[in-house]
Each structure stands twice: as C-alpha cells, then as structure tokens.
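Take a look at the structure set out below.
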Amino acid sequence: AQKITQTQPGMFVQEKEAVTLDCTYDTSDPSYGLFWYKQPSSGEMIFLIYQGSYDQQNATEGRYSLNFQKARKSANLVISASQLGDSAMYFCAMRENNYGQNFVFGPGTRLSVLP
Amino acid sequence: DTEVTQTPKHLVMGMTNKKSLKCEQHMGHRAMYWYKQKAKKPPELMFVYSYEKLSINESVPSRFSPECPNSSLLNLHLHALQPEDSALYLCASSQETHRGSGANVLTFGAGSRLTVL
Chain D
155 AQKITQTQPG MFVQEKEAVT LDCTYDTSDP SYGLFWYKQP SSGEMIFLIY
205 QGSYDQQNAT EGRYSLNFQK ARKSANLVIS ASQLGDSAMY FCAMRENNYG
255 QNFVFGPGTR LSVLP
Chain W
2 DTEVTQTPKH LVMGMTNKKS LKCEQHMGHR AMYWYKQKAK KPPELMFVYS
52 YEKLSINESV PSRFSPECPN SSLLNLHLHA LQPEDSALYL CASSQETHRG
102 SGANVLTFGA GSRLTVL
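Residue numbers (our numbering), protein chains in the order written: chain D, 155 to 269; chain W, 2 to 118.
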C-alpha cells in the first residue's frame, strides 16, 4: 500500500502568490518524521522542511511552512511569495522511527511558477 | 557547497563495460544510501550502509555492487548493465539509521546520470 500520496501531479502558481502542495501519509507508527524535498531540473534533491509527529507547532523555514494535521494524516507544504526559482518537482517523504530505515517518498508534484 | 559529492556527473557505458559511481561526505554521517531515480518518478532505495555495514539491499540485481570503504566513502560498482538501468543515481547520507532517528535528514548529492547503450 502506498504510504505517501501527493494528489497533484502538476501545479501552476503566479509569481509572488502563495501555493499549497498536498501530502497525505499512512503509518501505524506513533513516532515518525515528515520531510519535503525540492528537485530542480538539475537533479539534486534539496531538503526544505521537517515536521516530527510529536511536534506541537507547525514547522516553518523562511518562505516554507508545513500545515501539519495529524488526525487527518496530512502534511501540506505552503510556499509563500512564489519565485521563478521555485519551479521544480516537490517530494513529500516520511521516515518511521520504529519500522525500517528507509525514507518513503511520494510520487511528487511538479510546480511551475508563472511570471 | 554541496556536502555530498558524487562523481562522475554523467556516465555513458556499454552493456559490457565495468564502471563505478563514487560518493563522498565529510559531515560525520554514519549512514549512506544509494537511490535510483527514473524520469518523473520518486527515488527508489537500492542500498543502505550503517556504520560501514550493508544493512539494506532492496533486492537489487547483482550487476550493481555497493562498497563502503570507510565512513566517508560509498561506491557503486556497475557491470553488465542493461539499457533499462539508465537513470539518475543519487547518493545520500544521514546521521543515523537506528530506531528513533526519525528526525535525521537525508542529505543528497547532485546525482550521477547514467546512460547504458
């Protein structure tokens, strides 16, 4: 069963506007971490933001924030004030603390920022 | 600066060639990973080394042979590959892999783009 779902294969946003990229996950481990990565066309996977399952506050890193709704098992990424350089693939990922050593990646969302 | 360095950036090889991909990190991380990524797909885990010991092999064909000579280096030896093995190969590292290490971020290299003719 797929553990990470990203329902938006592609998204468009106007420059300077905010955009939300959806991510839902499935786990029975009470302790886990959720991550967002950005992959430009160059190929490198760039870490953006992390949210722990026990964190009380939503994570924020500059223009990135994570809308964490634990009961709904969702961890949406919000990018504020979009820039042309934000155009890339975005992957949501999860690592379960007690099961396995692997990061599980979602299928990704391709974001295109329009001038 | 990229903290995980992968060489070469591009590699073209024939099906009978033997080549190697190399990865190096100097962050003191004790876990290193190889991922394979096909176009428009997420990365797929191939191997995990924890404290220089192979801890995960995701049923990867034997034509891919990993090696971890020390805590900073990770190699992927390639032999008799098939055209379908053409992909982006990503190396990553993290502090730990043990239980409770959920917060450990994977730091990726820029990848080696492999084409098998």
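From the three backbone atoms N, C-alpha and C, an ideal C-beta is built for every residue, glycine too.
{"Asked": "In chain D, which residues lie with their C-beta within 7 Å of the C-beta of G112(W)?", "Found": "G197 and E198"}
{"Asked": "Taking only the alpha-carbon atoms, compute the straight-line gap between G216(D) and L188(D) and give it to the nearest angstrom.", "Found": "18 Å"}
{"Asked": "Return the CA-CA distance between V13(W) and G206(D), expressed in angstroms with no decimal places.", "Found": "41 Å"}
{"Asked": "Relative to the C-alpha of V42(W), which candidate in P261(D), S195(D) and V267(D) has its C-alpha closest?", "Found": "The sequence as given places Lys at residue 42(W); Val does not occur at that position. Among P261(D), S195(D) and V267(D), the Cα nearest to that of K42(W) belongs to P261(D)."}
{"Asked": "Establish whether the CB of F166(D) and some CB of chain W are separated by less than 8 Å.", "Found": "no"}
{"Asked": "Starting from T108(W), find everything on chain D with Cβ-Cβ shorter than 8 Å and list it in chain order.", "Found": "F201"}
{"Asked": "So does the segment 14-23 of chain W actually touch the segment 70-83 of chain W, counting three or more Cβ pairs closer than 8 Å?", "Found": "yes"}
{"Asked": "With a threshold of 16 other CB atoms inside 10 Å of the CB of K192(D), please say whether the residue is buried or exposed.", "Found": "buried"}
{"Asked": "Given that L46(W) touches chain D, what residues does it touch there, using C-beta distances under 8 Å?", "Found": "N256 and F257"}
{"Asked": "Among A213(D), D183(D), Q237(D) and N251(D), which one has its Cα closest to the Cα of S266(D)?", "Found": "Q237(D)"}
{"Asked": "If you reduce the DSSP assignment to three classes, tell me which class E215(D) lands in.", "Found": "strand"}
{"Asked": "Can you list, in chain order, the residues of the segment 30-57 of chain W whose Cβ is nearer than 9 Å to any Cβ on chain D?", "Found": "A32, Y34, Y36, Q38, K41, K42, P43, P44, E45, L46, V49, S51, S56 and I57"}
{"Asked": "What are the boundary residues of the beta strand (DSSP E) that includes H78(W)?", "Found": "L74 to H80"}
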